[in-house]
Each structure stands twice: as structure tokens, then as C-alpha cells.
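What follows is one structure encoded as C-alpha cells, with my remarks underneath.
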Amino acid sequence: MVEKMNSIWFDGKLVPWDEANVHVLTHCLHYGTGVFEGIRAYECVDGTSCVFRLKEHVHRLFNSAKTMLMEIGYSEAEMCEAIVATLKDNKMKAGYIRPLSFIGAGSMGVHPNTNPVHTIIATWPWGAYLGEDALEKGIRVKTSSFTRHNVNSMMTKAKVSGNYVNSVLAKREVVQDGYDEALMLDTNGFVSEASGENIFIVRNGEIKTTPPTSILQGITRDSLIPVARELGFTVVEQQFTRDELYGADEAFFTGTAAELTPIREVDNRVIGEGHAGPVAKKLQKEFFKVVTGANPKYESWLYRYSF
Ligand SMILES: *Cc1c(COP(=O)(O)O)cnc(C)c1O
25 MVEKMNSIWF
35 DGKLVPWDEA
45 NVHVLTHCLH
55 YGTGVFEGIR
65 AYECVDGTSC
75 VFRLKEHVHR
85 LFNSAKTMLM
95 EIGYSEAEMC
105 EAIVATLKDN
115 KMKAGYIRPL
125 SFIGAGSMGV
135 HPNTNPVHTI
145 IATWPWGAYL
155 GEDALEKGIR
165 VKTSSFTRHN
175 VNSMMTKAKV
185 SGNYVNSVLA
195 KREVVQDGYD
205 EALMLDTNGF
215 VSEASGENIF
225 IVRNGEIKTT
235 PPTSILQGIT
245 RDSLIPVARE
255 LGFTVVEQQF
265 TRDELYGADE
275 AFFTGTAAEL
285 TPIREVDNRV
295 IGEGHAGPVA
305 KKLQKEFFKV
315 VTGANPKYES
325 WLYRYSF
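Each residue of the sequence shown is one higher than the one before, starting from 25 at the first, in the working numbering.
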């Protein structure tokens, strides 16, 4: 359950949490015509707070809206300010942030016509997405029978609400079977990503991640690549198969919600030593330094705020 907070930003105003409601004929509710983001704020080592890569997340929200031919009606800078205002109103020194722009009520056909576009920003405390244990011990993953979107049926680069039916199907399928997360393959059978995370593998000290073709190009992924290179690792963006993953020394997922979650098992095959490996641990440690302002090299990625 999401913890109830004080307010939600709704079309330019902070409204009480329980009053942030929509009409049942909201277009998005019927056809999935919304675009959203998942962002995290962290408490920094110096006592201030920061939103990690806020501008990049907001920029991606606008690109998702562009793909959907939706006009958000605020500038990117205004959205960044609104996000920080929402965090402050809810006294959030750290937490998860969910902006959503969606097509509202009016026409009921598939064509949204001139229906209004609404925007909300919610924030709530969210610990480790896949469980506290997961960050240390790693998770058990199963390949889903559901294929990730073909690039020409759903726009994989856009975080569009309707796209997540595919993720929900995959996630429920594997959770029902006792696994923690679903691995999804692309339409050619190569490894794509998880229901809401990108994937990396490590083999002989070399790090590999899927190219951005069939995936949601994660900002965590895009941040981790230069961080890993800075630490001296070789990182390549290359397609790989399920059996290459089975034989990897290490594997892990990345995402705003999941942060860096090691994978300890895929399709009942133990990966490496069956817990977080040395590369994943090293990257995880560095990642948490970066997001909490403990590495000045990446200061430009932090949108600082304080109370
Ligand atoms: C949001 C998301 C990710 C991770 O993206 P981040 O920007 O790192 O949070 C990966 N895959 C899917 C399908 C997603 O929706």
C-alpha cells in the first residue's frame, strides 16, 4: 500500500491527497493514454536532499508526451519546480516521485479529440522496490511467456501508461510461480529487459547491456554506464541471448524503483555464486555514493533542495 501523504500537485495546485480525483470517463482510464515518470529523491551526505537527474526525467516525460501527441501545458522548468514544491509540501527529504500526464474526459472514442490533458505529481516514501533483502542477496527471475513490445506496435522509448499492461501480464505470471521479477525477450528472442528494469550482465570482467532498441531507455542504465567506465570497467551495448545470461558471472537489473538489484537465479539456473557478485556490489556502492552527493564528479546530476 502507498503511504498516504499530505498533498498531490494537480493541474498547477497542491490539493489534499484524498481530493486528487478524476471522472470515470477519463480517456486514460479507458485507453491508457497517459505518460508518466518514476523519479527518486535522496537525502544527501551533507544533510540537503536531491532529486536524481530530475531534468532528464522531466525531459523524458515531455518526449513521451510528444510521442503521444499530448501537450503538457507547462514548461520543463515549471515541472521541475512543481516536483520540488510537491516534495517540500509533503516534507519529503527522500522518496519516490510519480508525475503523470493523462488525457481527461470529453470524447469517448479512441481519438482523444480536444479532451484536456491533466498533470499530477504524487510523492510517497518507497524503500527497495524488490525488497531490502534483494539489494544484497539478489532476486529470482523467470523468463516470461509474454514478449516485450515490438518497436512498431508500442513505442518502447516512451513511458506510456497503456504499455504497462504487457509488464503487468509478465510480472503476475512469474510472481504467481514464486519468482520475484519477469525477464522479457524481444520479438527476435533476444533478452530485452524486465517488467520495469533494464538488465546488465558481467562476463570475464566485461559488462554488457542491451542496446536501446527494444527497451525503455532507463536513466539509471544511462547513468551506470559512465560510472562503470569511470571505475575502469569495459561496458558494451550489445544484444545477448538467454543462454548467455545463464552463463554470466553476474547479472543485475537497474531502474529508478529497483536501483541496482542483483539477480541470483534465472529460470532455475544459479547465476555466478548465487548472490550479489563483486562487480554488482562495487557498482551498487558507487551508485549510492553518486545519488547521495558523495561523489562530486556527478554533482550536475543532482537537483538539490533543502527545507
Ligand atoms: C522506467 C523503466 C525502466 C527504468 O528506467 P529508469 O529511468 O532507470 O527508471 C526500465 N524498463 C522499463 C520497462 C521501465 O518502465
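Every residue, glycine too, gets a C-beta built ideally from N, C-alpha and C.
A quick note: this is a predicted structure, and the numbers were derived from the prediction, not measured.
Proximity winner among the options, relative to residue i (alpha-carbon distances)
{"i": "ALA7", "options": "ARG293, VAL259, LEU284, LYS313", "result": "The question about residue 7 has no answer, for the chain in this structure spans 25 to 331."}
{"i": "GLU205", "options": "PRO320, VAL259, SER168", "result": "SER168"}
{"i": "ILE249", "options": "PRO149, HIS47, THR110, TYR322", "result": "TYR322"}
{"i": "GLU261", "options": "ASN174, ILE239, GLU274, GLY279", "result": "ILE239"}
{"i": "SER88", "options": "TYR327, ALA182, ILE63, LEU111", "result": "ALA182"}
{"i": "VAL165", "options": "GLY62, VAL141, PHE277", "result": "PHE277"}
{"i": "ASN176", "options": "MET132, THR237, ASP201", "result": "THR237"}
{"i": "PRO71", "options": "PRO235, MET116, ILE32", "result": "For clarity, residue 71 is Gly in the given sequence; the question names Pro instead. Out of PRO235, MET116, ILE32, MET116 has the C-alpha closest to the C-alpha of GLY71."}
{"i": "VAL26", "options": "TRP150, PHE86, ASN139", "result": "TRP150"}
{"i": "GLY296", "options": "PRO140, TYR120, LYS305, ALA272", "result": "ALA272"}
Where residue i falls: helix, strand or coil (DSSP)
{"i": "TYR358", "result": "Residue coverage of the chain in this structure runs from 25 to 331, which leaves residue 358 outside it and unanswerable."}
{"i": "ALA282", "result": "coil"}
{"i": "TYR188", "result": "helix"}
{"i": "THR91", "result": "helix"}
{"i": "LEU255", "result": "coil"}
{"i": "VAL198", "result": "helix"}
{"i": "PRO40", "result": "strand"}
{"i": "MET208", "result": "strand"}
{"i": "LEU240", "result": "coil"}
{"i": "GLU156", "result": "helix"}
{"i": "GLU217", "result": "strand"}
{"i": "CYS74", "result": "strand"}
{"i": "VAL82", "result": "helix"}
{"i": "PRO336", "result": "What is shown of the chain runs 25 to 331, which leaves residue 336 out entirely."}
{"i": "VAL315", "result": "helix"}
{"i": "ILE107", "result": "helix"}
{"i": "HIS173", "result": "coil"}
{"i": "TRP150", "result": "coil"}
Straight-line gap, residue i to residue j (C-alpha atoms, nearest Å)
{"i": "ALA109", "j": "VAL48", "result": "28 Å"}
{"i": "GLU160", "j": "ALA129", "result": "45 Å"}
{"i": "THR147", "j": "LEU209", "result": "32 Å"}
{"i": "GLU197", "j": "ALA101", "result": "40 Å"}
{"i": "ASP246", "j": "TYR55", "result": "30 Å"}
{"i": "VAL192", "j": "THR50", "result": "21 Å"}
{"i": "ASN212", "j": "MET92", "result": "26 Å"}
{"i": "GLU156", "j": "PRO136", "result": "42 Å"}
{"i": "ILE332", "j": "GLU289", "result": "Residue 332 lies beyond the range of the chain shown here (25 to 331); nothing can be said about it."}
{"i": "TYR203", "j": "GLY298", "result": "15 Å"}
{"i": "ALA194", "j": "VAL184", "result": "17 Å"}
{"i": "TYR66", "j": "ALA252", "result": "21 Å"}
Min CB distance residue i to chain C below 9 Å
{"i": "SER177", "result": "Judged by its chain identifiers, the structure shown contains no chain C, having just a single protein chain."}
Own chain residues within Cβ distance below 6 Å of residue i, not counting five before or after
{"i": "TYR153", "result": "ALA281, ALA282"}
{"i": "MET29", "result": "TRP41, ASN114, TRP148"}
{"i": "PHE311", "result": "LEU284"}
Residues of its chain near residue i, where Cβ-Cβ distance is below 8 Å and the 5 sequence neighbours each way are ignored
{"i": "ARG293", "result": "TYR270"}
{"i": "GLY119", "result": "ARG64, ALA65, LEU111, THR147, TRP148, PRO149, TRP150"}
Residues near residue i by beta carbon distance below 7 Å, same chain, minus five either side
{"i": "THR265", "result": "PHE214, VAL215"}
{"i": "HIS173", "result": "THR180, ASN187, ASN190"}
{"i": "ASP35", "result": "HIS142, THR143"}
{"i": "CYS52", "result": "GLY58, PHE126, ILE127, SER185"}
Contact under 9 Å by Cβ, residue i with residue j
{"i": "PRO286", "j": "ALA158", "result": "yes"}
{"i": "LEU124", "j": "ILE144", "result": "yes"}
{"i": "GLU221", "j": "GLY279", "result": "yes"}
{"i": "LEU78", "j": "ILE63", "result": "yes"}
{"i": "PHE170", "j": "THR57", "result": "no"}
{"i": "LEU255", "j": "LEU307", "result": "yes"}
{"i": "ALA318", "j": "VAL82", "result": "no"}
{"i": "THR234", "j": "GLN263", "result": "yes"}
{"i": "CYS74", "j": "VAL315", "result": "yes"}
{"i": "VAL226", "j": "VAL303", "result": "yes"}
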